[in-house]
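Below is one structure, written out as structure tokens, with a few remarks after it.
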Amino acid sequence: MKRNLCLDLLAQRRRGIPAGVVSLCTANRRVLSAAFEAAREDGTDVLVEATANQVNQDGGYTGMDAAAFRAFAEDAAREAGLPLERLHLGGDHLGPLVWRDRPAGEALARAETLVRSFVAAGFEKIHLDTSMRLGGDDPDAPLPVALVAARGARLCAAAEHEAASRGLERPVYVIGSEVPVPGGTTETEEGLRVTPPEEFRATVAAFRAAFLAEGLAEAWDRVVAFVVQPGVEFGDDGIHAYDRAAAAALSASLGAAEGRVFEGHSTDYQPEPRLREMVEDGVAILKVGPALTFALREGLLALSHVEEALLPRHPELVPARFPEALDAAMRANDVHWRRYAHGSEADLAFSRRFGRSDRSRYYLPVPSVQEAADRLLRNLEATGVPLTLVSQYLPTAYDAANEAGRAPDPRTLATARLRDCLRAYAAAVLPAEAPAARTGTSRTRILARPRRYDVLGVGELNLDLVLTGLRTLPVPGREVLADGFRVALGSSTAICVAGLSRLGLRTGLRARVGKDRFGEQAAEFLAQYGIDASLLLVDPSRPTGVTAALSHGGDRALVTCLGTIDALEADDVPDALLAEARHVHVGSFFLQSRLRPGLAALFQRARALGCTTSLDAGWDDTGVWDYGILDVLAETDAFLPNEGEAKAITGLDDAAAAADALARHCRVAVVKCGADGAVASAGGRTVRRGAFAGVVPVDTTGAGDSFDAGFLYGLLEGRDLDSCLAFGNACGAIRVARRGGAADFASREEALALVRTGEVRKVG
Ligand code: ADP
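Residue numbers (our numbering): -13 to 750.
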């Protein structure tokens, strides 16, 4: 279920949410690894772009073509534990850039090959840049915009053709180029020129006409952004900070772009508030490159100081001399820095080491430099890093280290400054407050600010009083003896959230409990499962809900006092809480009589704040099976009823048909079919997956809630539908095979092992 981030972004902005996307333009392995680890921890997606001079059919300066870059990025993602569905690739300045000295015909033919190779390698975002003069073009006159556009359309046609011939998902396009050639400017430009609105409108009109003339109307709809110069740039020792007043006219002209956005290049080193303003003003795609390697180099230089401070106490160490190794590599081959630095020898040395143009990024991969960096990290692994040195040389990493009581490992410390930089971008693209949204999808943020909860459960919490081994089922006027008694965590929402917690996700539960001992005990259960119980609301007007489960032979009688079970209301879940969660789950729609009426609006708010949503039905003992559930489904990403519930809601007699019918209202509908597994429907596709074979069911309490936990775990990992079903079935199967009651859950390792090796029952 991989989604195109830029299309998601546009959908969000159309709903009035000022979201943005960060594009990481780097081929540095350490940078990518750190960014991917951060994204894995935060549960977000990452967009990485390769530039035409970096990666092309001739190898570029990284020596990679598009397919090799993809393999390189995927390898780093795998190593960082980032699911590949959450890695997105883009191509930057794709066009005749590298061959601009050749005759136009030849340069464009090579550019076509370039664009095709990126599309063939599955890059989903293609920036077409045909703004440069080619051999044979008039060297004295500016290139006519119609010619630039016609060349761009020609490359787009090649891209579309390639995608069609390979049966690939069509890419989205970014057009225009109002920036210096990739690689960086030689100095900070005085009085940077913001793209004049009329120029922007002319570019849009010219490209539109050229695309239509090439028969590319459909591709034109997939043009998501225009590159403009919003007034940002950086040079070796200064930046041109974004000035929203100077960009106001440009920003106002975005209306001409029919819901599209601007893409900002060279946003490196901008203060975080300026980045935020850019996103608000429509520069919603923020590209960053040199600042990332700059921050990595900062970390490594800081660690060199740490090493220097430790050497006298560790005479056994061979010093790594990382700064010297880097400078030696730069001096040995000056092609990548000489023309960017000026002045005396001392000025040149300073620029090499501290310049914002970050020419050193071209030298970090040199073997001697890599070796020095590796030795530095090994040395510090051997000595350990005292907290005082973290405080001295990497102060932004100090507070967390001090709280943890020790310094993180040197590899993490080396990327501390890089993570600071990524966090600033993450904060800039995540809308702080979003107006109420209409409908649509949500997960568009990339490298977003970490949220406290992977899943926020909303709904009910009660205790189950389980009496086992009754001599007979209850008889009026008689006392019936039972063999055993235990108190357990009950209720669908809480059980699903506990299952998610056991799978390793960070969870919290918003529910009401009474001001009584049972309420306290329910909170203790949550804490035992690692669920944040501080979100519970105490309602002194009702007792905490309880279910007495009386089991006799193979049968059970259940008696429930609702108490606080159905007391929660939508207003009990404020935006501030939703903004702390990646996903919101409500486990009992039909039971929640007070929450139900406000649930569609609650889910809408959640989505506007960037959460995904899921819903389970629960039984409707009134037999109505409606209560506005379709309105709620319109705001639901995953709906997870069991077979009986799905049939009752749809009036259909077949689980798959019911799933298809429900999927017309939400993103994914999943119908749980007990020992027959489950069937899911999404986007016109129906996937059935049999339950795991060889399971001897001993207690089916909470099977559906455990399934939900497994399925949602897969969904939040960005797995495909079949794999989500496998996780759901695994958690369901492990639950029913155990005697420990509803809350005896599968751990992540157990679920993974069953998914990997378990035999699946055939489905008819
Ligand atoms: P609910 O508890 O909501 O009625 P189900 O009875 O459909 O839900 O069970 C939920 C999931 O648990 C099923 O989709 C399946 O994956 C798993 N499950 C239930 N019973 C069995 C079984 N006998 N063997 C294997 N898996 C089972």
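Glycine included, C-beta positions come from ideal geometry on N, C-alpha and C.
The closest CA to that of residue 609, considering only 637, 592, 19, is found on 637. With a contact defined as Cβ atoms closer than 8 Å, residue 490 and residue 450 miss out at about 25 Å. Going by C-alpha positions, residue 34 is about 7 Å away from residue 12. Partner residues in the beta bridge of residue 271, as assigned by DSSP, are 7, 249.
Apart from the 5 residues on each side of it in sequence, residue 747 sits with its Cβ closer than 8 Å to the Cβ of 661, 662, 663, 676, 677, 678, 679 in its chain, given in chain order. Contact annotation, residue 312 with residue 349: C-beta distance approximately 6 Å; criterion of less than 8 Å satisfied. With three or more CB-CB distances shorter than 8 Å, the segment 211 to 221 counts as touching the segment 241 to 258.
Taken atom to atom, the span from the alpha-carbon of residue 622 to that of residue 294 is near 56 Å. Shortest gap from the CB of residue 710 to any heavy atom of the ligand ADP: 8 Å or more.
For residue 686, the shortest C-beta to heavy atom distance toward the ligand ADP is below 8 Å. Shortest gap from the CB of residue 446 to any heavy atom of the ligand ADP: 8 Å or more. The residue among 158, 227, 47, 124 with its C-alpha nearest the C-alpha of residue 202 is 158. Rounded to whole angstroms, the gap between the alpha carbons of residue 237 and residue 204 is 26 Å.
Remark: the C-beta of residue 163 is outside contact range of the ligand ADP, defined as less than 8 Å to any heavy atom.
Here DSSP, grouped into helix, strand and coil, assigns residue 551 to coil. In the DSSP annotation of this structure, residue 160 is not part of any alpha helix (DSSP H); the continuous beta strand (DSSP E) holding it starts and ends at 158 to 161.
Of the other Cβ atoms in all chains shown, fewer than 16 fall within 10 Å of the Cβ of residue 514; this residue is therefore exposed. With contacts defined by Cβ atoms closer than 9 Å, residue 212 and residue 138 do not form a contacting pair.
Unbroken alpha helix (DSSP H) stretches of 4 residues or longer found wholly inside the segment 553 to 598: 561 to 564, 585 to 594, given in chain order. The beta-carbon distance between residue 550 and residue 533, rounded to whole angstroms, is 13 Å. This is too long to meet the 8 Å contact definition. If you check the C-beta of residue 575 against the ligand ADP, you find no heavy atom less than 8 Å away. Residue pairing by DSSP places residue 442 opposite 494, 570 in a beta bridge. A Cβ-Cβ contact shorter than 9 Å links residue 366 with residue 292. In this structure, the C-beta of residue 477 stays at least 8 Å away from each heavy atom of the ligand ADP.
Here residue 333 is exposed. Its C-beta has fewer than 16 other C-beta atoms within 10 Å. In this structure the segment 61 to 79 lies against the segment 16 to 28, because at least three pairs of beta carbons, one per stretch, are closer than 8 Å. In this structure, DSSP gives residue 116 a state outside helix and strand, which the three-state scheme calls coil.
Taking a C-beta distance under 9 Å as the contact criterion, residue 375 and residue 393 qualify as a contact pair.
Per the CB criterion, closer than 5 Å to any heavy atom of the ligand ADP, the qualifying residues run in chain order as 628, 658, 660, 661, 664, 677, 681, 683, 689, 690, 693, 715, 718, 719, 722. Nearest to residue 567 by C-alpha distance, out of 594, 576, 341, 653, is 594. Judged by DSSP secondary structure, residue 293 falls within the alpha helix (DSSP H) whose first and last residues are 276 to 296. Between the C-alpha atoms of residue 381 and residue 480 there is a straight-line separation of about 40 Å. Contact annotation: the segment 622 to 631 does not touch the segment 460 to 477, with fewer than three C-beta pairs closer than 8 Å. For residue 543, the pairing in a beta bridge is given by DSSP as 536. A Cβ-Cβ contact shorter than 9 Å links residue 556 with residue 585. Under the criterion of beta carbons closer than 8 Å, residue 142 and residue 114 qualify as touching, at roughly 6 Å.
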